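Chains as they are written, first to last, in this note's numbering: chain A, 1216 to 1673; chain B, 1216 to 1673. Note that beta-carbon positions come from the ideal geometry of N, C-alpha and C, so glycine has one too. Treat the numbers as computed from the prediction; the structure is a model and nothing was measured.
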């Protein structure tokens, strides 16, 4: 019989991976909650009418569709079947699809429950999403997203708090990061200034290569992308932008003073950066915030501040991102609801924590004490001792079978159990346990209360 | 535009529901971990070859199938389409399906990763499953299961620990329960004794009605179900079985002494019940364990001890169940692996906790402190104070907009925030905050450190 397997692009998570993933999710969850975000969950399946057309044409193709239950065939004649394309048939055979991201279900949630929601509504959501993407290294067909959004408030204080949240989460992880911030209105202002509204992404992409390919080649690329010599010339001070955030902001404010949108964008960035300092101008954060003009994520969607986080000590793409959008729920007939949100990339954070070896010991081990099984009588006795260690909060196992000592010890080793208790006839009579520290190899006869104190490091 | 909705039988969970559900899952997770069970997760999608044929004919119909991505039509001609049944076509159009339970994916996991797993393998898994069942009150198409299993050990100590886990979980919830235990071998012994191997379920169902319909009607029903007068006569001492667990067990041991399987079942129950007592025969549990002959769940699957938990103070079906099985992984070509497991019914436990009003305060509230927003300057100041309260672990919000006081207070009320901080110009200058206790209405001017102490109840 063939060994069973799982679908391409999906993963099993074993106990070690789960402990690490839980550490990541629990950390993010705690910080979200500390800032007053409240968790919601939505169903894995949404109506396709909710999902279709929300992710572009390419996105529609990547939606997983659920075949209608029962006689799905009754709806489509053989002639119809022959004439229709696969995409058209899919819409007839399927009413439901799997969640593709957390944003559209959140928008649907807000509109559906609008009467019950208190605005501003601060929600977070940590759930898997599914995409029929081509699997490749680091890209999966099932992966978790960890989103937080505030909707129903235009205040920039929300942006400030989201930056604080990113800072706090990565500080807790021990990952040194750079938090990049930009503003869609600044990018619009630049485009307006040089008269090239459509070229924003091209410009950002080209500028981003400055460090790698140098100024001349950046300018070449801009011309190749269709900008005139004059437009490229006017971009020079922007491409050459450098200095502290304050310096860069000052330059940009001057350059974009004539464009309404650019001026507004600079003001917004100034407010957010200002609020992240104390009254004396000292940063309130653990990590650096970097005003970065080359940041240009998801332009069609975002309308104000945009964020991205990169790890400093590992070569890895963006590990967190987000920004402000103006019209989350318009697609569902509820216009004018502005919001701002971020999303942590759990899979990439997982890899960064692995590469930097930053998982705390608590995230990699579970059972703290294993009672060796010397036979029925001893095991019954150990079972009662285990009640006491568990009551003290110590994850405890009693080896269920009275097999060879060697096998039991190798089980303890494989599971990384730090303490093993050997309770044979002598110990039972003496009312003690022989407690072995698996790391030091040291073994001592102690009472159960002493053992508890030793294991708890008291 | 029509208000968007979600598929029938699925649910959104709002912040309050999520807090409660997390309380349930976290409690179960903690207890599983305390007993050395380690968490795994498997993908939502499994290959249909893994799922099909594992849940009976009816189960196959209830599987959600995922339409193949891309040109699924290319595989099936119009003629084929015309000739095949919907079920046959489904197998051509779909390779993957959604997880229907956690047991089959677990079996698949064990076989797939057998080379890496240390036996005995104690795993728990808390994930949603999907069934295309007819939705009705308390039955959903997406719901969570919370399973723990030990495989690779025949020891009855595993059964003992699972009973302890059930006892501990419901004790933590504050739900008084009866933990029912029976053994498939005892039921087989009864059938053997009266020569009616197929009638086990019928017998168990009929006996279960004793309290409701009385002995005569139970006997009538047994005859209706095809038992002879002699068989019914031989069942009388079993139907009339009463007394303590020890008394019932003694009677059954005598009655079934001649059947190998019955004698073995009684021995097993005796061992498990014995290990749940201390050396003086006092129960080590908080709840009662009830040896109950009428318990007969999932006979085809279970082979040894079986368990079921019922709440004592609420009329509700079984809220937890499980048992021993002999051949979990045989379906995937790995025979002879015995295991024992339990599954908590999270949705029913949710309802029980609601009905008995047993949720702790921590499971229903989140933000502990809201700073009222009196304007940009004050808000910037509050943002810095919030850093301190959050550092002290207090979930804190700063209201993002400087809207009317009334609106901000009603936000605090709706979110159940226990403390509100009012920091205007005067307080800023004095370096204090006006802290209002929303429950008592009491308001006092305090320093931030004093506020932290007050909120933490110190």
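query: What is the residue span of the alpha helix (DSSP H) that residue 1464 of chain A lies within?; result: 1460-1470
query: Taking only beta-carbon atoms, is residue 1225 of chain B less than 8 Å away from chain A?; result: yes
query: Would you say residue 1590 of chain B reaches chain A, if we count a Cβ-Cβ gap shorter than 8 Å as a contact?; result: no
query: By DSSP's criteria, residue 1364 of chain A is part of a beta bridge. Which residues make up the other side?; result: A:1338 and A:1556
query: Let's test the definition: count the other Cβ atoms within 10 Å of the Cβ of residue 1382 of chain A and tell me whether it reaches 16, buried, or not, exposed.; result: buried
query: Excluding the 5 residues flanking residue 1648 of chain B on each side, which residues of the same chain have their C-beta closer than 6 Å to its C-beta?; result: 1636, 1638, 1642 and 1666
query: Just the chain B side, please: which residues come within less than 7 Å of residue 1293 of chain A by C-beta, in chain order?; result: 1293, 1296 and 1297
query: Against residue 1582 of chain A, what residues of chain B qualify as contacts under a CB-to-CB distance less than 7 Å, listed in chain order?; result: 1251
query: With 8 Å as the threshold, decide whether the Cβ of residue 1257 of chain B is near any Cβ in chain A.; result: yes
query: Which residue marks the beginning of the alpha helix (DSSP H) containing residue 1490 of chain A, and which one marks its end?; result: 1475-1490
query: Please name the residue, chosen from A:1284, A:1295 and A:1304, that lies closest to residue 1286 of chain B on a Cα-to-Cα basis.; result: A:1304
query: Taking the alpha-carbon positions, what's the residue 1299 of chain A to residue 1293 of chain A distance?; result: 10 Å
query: Inspect the beta-carbon positions of residue 1243 of chain B and residue 1559 of chain B and report whether they are closer than 8 Å.; result: yes
query: Would you kindly check if the distance between the Cβ of residue 1609 of chain B and the Cβ of residue 1670 of chain B is under 8 Å?; result: yes
query: Which stretch, first to last residue, makes up the beta strand (DSSP E) that contains residue 1280 of chain A?; result: 1280-1282
query: Between which two residues does the beta strand (DSSP E) holding residue 1538 of chain A run?; result: 1535-1540
query: Could you tell me which of B:1224, B:1255 and B:1233 sits nearest to residue 1581 of chain A, measuring between CA atoms?; result: B:1255
query: How far does the beta strand (DSSP E) with residue 1649 of chain B in it extend, from its first residue to its last?; result: 1648-1652
query: Can you list the residues of chain A that residue 1265 of chain B reaches, using a CB-CB cut of under 7 Å?; result: 1219
query: By the three-class DSSP mapping on this structure, what secondary structure does residue 1670 of chain B have?; result: helix
query: Put residue 1266 of chain A into one of helix, strand or coil per three-state DSSP.; result: helix
query: Determine whether the beta carbon atoms of residue 1331 of chain A and residue 1251 of chain A lie at a separation below 8 Å.; result: no
query: Closest to residue 1516 of chain A by C-alpha separation, out of A:1544, A:1436, A:1465 and A:1501, would be which residue?; result: A:1544
query: Quick check: what's the CA-CA separation for residue 1626 of chain A versus residue 1652 of chain A?; result: 15 Å
query: List the whole-angstrom C-beta distance separating residue 1247 of chain A from residue 1322 of chain A, where the pair is believed to meet the contact cut-off of C-beta under 8 Å.; result: That belief does not hold up - the Cβ atoms of residue 1247 of chain A and residue 1322 of chain A are roughly 19 Å apart, past 8 Å.
query: What residues in the segment 1597-1610 of chain B have a beta carbon less than 7 Å from any beta carbon of chain A?; result: 1598, 1599, 1602, 1605 and 1610
query: Going by the CB atoms, is the gap between residue 1393 of chain A and residue 1525 of chain A shorter than 8 Å?; result: yes
query: Please work out which residues of its chain come closer than 6 Å, Cβ to Cβ, to residue 1280 of chain B, disregarding the five sequence neighbours upstream and downstream, and give them in chain order.; result: 1305, 1309 and 1312
query: What does residue 1616 of chain B touch in chain A if you count any residue whose Cβ is under 7 Å from its own?; result: 1368 and 1370
query: Using a C-beta to C-beta distance shorter than 7 Å, which residues of chain A count as neighbours of residue 1284 of chain B?; result: 1347
query: Check residue 1531 of chain B in the structure and name its three-state DSSP category.; result: coil
query: Give the C-beta separation of residue 1483 of chain B and residue 1258 of chain A to the nearest angstrom, bearing in mind that I take them to be a contact with Cβ-Cβ under 8 Å.; result: Actually they do not touch by this definition, with Cβ atoms about 42 Å apart.
query: What did DSSP end up calling residue 1457 of chain A once you bin it into helix, strand or coil?; result: coil
query: DSSP three-state call for residue 1358 of chain B: helix, strand or coil?; result: strand
query: So, helix, strand or coil for residue 1627 of chain B, using DSSP?; result: helix
query: In chain order, what residues of the same chain have a beta carbon less than 8 Å from the beta carbon of residue 1225 of chain A, not counting five sequence neighbours either side?; result: 1355, 1356 and 1357
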